[in-house]
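Quick note: to get this note's numbering, add 2 to the position in the sequence shown (first position is 1).
We treat Cβ as the ideally placed atom computed from N, Cα and C, and that holds for glycine.
The structure appears right after this line, and notes come after that.
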Amino acid sequence: GASSSASAEEQGEVKALTPEDAYYMLEAASSVVIVPGYGMAVAQAQHVGKELADILEENGAEVKYAIHPVAGRMPGHMNVLLAEANVPYEQLVEPEDVNPNMEMVDIAIVIGANDVVNPSAKEDENSPLWGMPIIEVDRARTTFILKRSMSPGFSGVQNPLFFKEKSRMIFGDAKATISAMISEFKDAQSD
């Protein structure tokens, strides 16, 4: 079989998206799952994330936050950050609650999470992540990955999610990226 150290070239093309392109897709979405990770904490993007979620809800979408128990650098890290941004507790769901219905999700937005959404955990027996329960965003209709670069997560393992057919990378600072998406919605509303 293929070695788990396959280089980026072998994994295929990455499809990058601008915040403007992302807006057009989000505008049409009726179900959105946000997956926060350590990168959201670094970018301090929880408040703009909540603002985007509110706009999506006003636009008729159902929005949930899928919280992985090991996301962040300590247990409950994401819950603390989201509580700080006044995200309603009932919007927070666990991986086992969201995974069975992932095919019905129009867009999963991964904000600075990496290992906790890495499909190697279920697809590659040689992966150090093998067997770890993940949030299966690779099964959503489209997955947006907000990330500063192509660098791997805490585990150091490359993430094949980035190269999947339905994945779209939105590079840059997560807070700036989400703010740009919010601006697109606001501009459209003021037209």
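Open item on the list: Considering only DSSP beta bridges, list what Ser181 is partnered with.
Closed with: In the DSSP output, where bridge partners are listed per residue, Ser181 has none listed.
TODO: Decide if Val50 is buried, meaning its Cβ has at least 16 other Cβ atoms within 10 Å, or exposed.
DONE: Buried.
Open item on the list: With a threshold of 7 Å on Cβ separation, who are the neighbours of Gly158 within its own chain once the five nearest residues in sequence on each side are excluded?
Closed with: If we look at Gly158 and ignore the five residues flanking it on each side, it has no Cβ neighbours.
Task: Proximity winner among Val72, Phe146 and Ala178, relative to Phe165 (alpha-carbon distances) - done: Restricting attention to Val72, Phe146 and Ala178, the CA atom closest to the CA of Phe165 is found in Phe146.
TODO: Report back the beta-carbon spacing between Ala2 and Val37 to the nearest angstrom; my notes put them in contact at under 8 Å.
DONE: The displayed coordinates of the chain run from 3 to 193. Any statement about residue 2 would go beyond what the structure contains.
Task: Close Cβ partners of Met134 (< 6 Å) along its chain, the five nearest in sequence each way excluded - done: The residues are Ala123.
Task: Between the CA atoms of Ala190 and Met80 - distance to the nearest angstrom - done: Our two residues, Met80 and Ala190, have alpha carbons roughly 31 Å apart in a direct line.
Open item on the list: Gln46 and Val65 - do their beta-carbons sit closer together than 8 Å?
Closed with: In this structure, Gln46 does not lie closer than 8 Å to Val65 by Cβ.
- [ ] Go to Met171, then tell me how far its beta strand (DSSP E) extends in each direction, as first and last residue.
- [x] Counting along the chain, Met171 sits inside the beta strand (DSSP E) bounded by residues Ser169 to Phe173.
Open item on the list: Is the beta carbon of Val119 closer than 8 Å to that of Val139?
Closed with: It is a contact, given that the beta carbons lie within the stated cut-off.
Task: Where Ala115 falls, given that 16 or more other Cβ within 10 Å makes a residue buried - done: Of the other Cβ atoms in all chains shown, 16 or more fall within 10 Å of the Cβ of Ala115; this residue is therefore buried.
Task: Ser185 classed as buried or exposed, judged by whether at least 16 other C-beta atoms fall within 10 angstroms - done: Burial state of Ser185 is exposed, judged by a 10 Å Cβ sphere holding fewer than 16 other Cβ atoms.
Task: Contacting residues, own chain, Cβ-Cβ under 8 Å from Ala87 (five flanking each side not counted) - done: Cβ within range, chain order: Gln48, His49, Gly51 and Lys52.
- [ ] Have a look at Pro130, Asp117, Glu127 and Arg170 and flag the residue whose alpha-carbon is nearest the alpha-carbon of Tyr40.
- [x] Taking only the C-alpha atoms, the option nearest Tyr40 is Asp117.
Task: Where Ala176 falls, given that 16 or more other Cβ within 10 Å makes a residue buried - done: The residue is buried, with at least 16 neighbouring Cβ atoms inside 10 Å.
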